[in-house]
Amino acid sequence: MVLERFSFPGKEYRVTARKVYLRTPRLSDWRAWAEVRAVSRNHLVPWEPVWAPDTLTKASFRNRLRRYARDARDDMGQAFFIFRHEDDQIVGSVTLSNIRRGVAQTGTIGYWTGLPYARQGYMYDALTALLPVLFRQYGLRRVEAACVPENDASAALLEKVGFIREGRAREYLCINGEWRDHLLFACLKDDPLPLYYAGDND
Numbered sequence: 001m002v003l004e005r006f007s008f009p010g011k012e013y014r015v016t017a018r019k020v021y022l023r024t025p026r027l028s029d030w031r032a033w034a035e036v037r038a039v040s041r042n043h044l045v046p047w048e049p050v051w052a053p054d055t056l057t058k059a060s061f062r063n064r065l066r067r068y069a070r071d072a073r074d075d076m077g078q079a080f081f082i083f084r085h086e087d088d089q090i091v092g093s094v095t096l097s098n099i100r101r102g103v104a105q106t107g108t109i110g111y112w113t114g115l116p117y118a119r120q121g122y123m124y125d126a127l128t129a130l131l132p133v134l135f136r137q138y139g140l141r142r143v144e145a146a147c148v149p150e151n152d153a154s155a156a157l158l159e160k161v162g163f164i165r166e167g168r169a170r171e172y173l174c175i176n177g178e179w180r181d182h183l184l185f186a187c188l189k190d191d192p193l194p195l196y197y198a199g200d201n202d
């Protein structure tokens, strides 16, 4: 079976959902991305790796795009920014990483939503549209996710989207400078998923 890859150097990919659309990042997204991240800093810091002092600069963003492009080229991952349909405002991001092919066919997703756009259904909308694409077009059979035990909102979101909680990993990731336990979730290709809006994704 020939699989369509999400991204090649210079190629853009887009997934359409009800309230939002997801697409591969561009350098022109820097200012809007940095503004949302800056406003949301206190909201995001407890759940993320330590922010570098220059993390919101254009130079740092350019390096981020290079990493994204390298991961896409090497079939190791793919980044998506999430935009609201009504005004093209960036509201968050989903990143597929740590892809394992061969006998695994597995990848891991991470995500964030900007504070002004939290609890409005945008991430649920994005994930319900993206998961079928990861399974059908990207050839994965298992998608994994994790969150710290205190992040009740993230755990509830994953379960609502269709992920199953599989356990707890001790000191799984270094979050905000500390090695933290994480709850582990996974969704399989044949698991039941919520209805989603396919839009332009077929």
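One point on numbering: in the UniProt record's numbering, the residue at position 161 of the sequence shown is 161, and numbering is uninterrupted. Beta carbons: idealized from backbone N, C-alpha and C, even for Gly.
* Can you tell me whether DSSP reads ARG142 as helix, strand or coil? -> Under the three-state reduction of DSSP output, ARG142 falls in the strand class.
* To do: Helix, strand or coil for VAL50, going by three-state DSSP, please let me know.
  => coil
* Asked: Thinking just about the alpha-carbon of each residue, which of ASN98, GLY92, SER60 is nearest to the one in ALA72?
  -> ASN98
* **Sequence-distant residues of its chain with Cβ nearer than 6 Å to residue 204 (five each side left out)** => The question about residue 204 has no answer, for the chain in this structure spans 1 to 202.
* Cα-Cα separation between ARG26 and VAL39, rounded to whole angstroms -> 21 Å
* Asked: What is the rounded straight-line gap between the Cα of ARG41 and the Cα of TRP33?
  -> 12 Å
* To do: Out of LEU131, TRP51, ALA79, ALA155, point me to the one whose CA is closest to CYS174's CA.
  => TRP51
* Take the Cβ of ARG101 as the centre, count every other Cβ of all protein chains shown within 10 Å, and call the residue buried at 16 or more, exposed below. => exposed
* Asked: From this set, GLU166, LEU140, TYR21, which residue's C-alpha is nearest ASP87's C-alpha?
  -> TYR21
* Which two residues bound the contiguous beta strand (DSSP E) that contains ASN98? -> Residues 90-100.
* DSSP beta-bridge partners for TYR21? -> Paired residue(s): THR16, PHE83.
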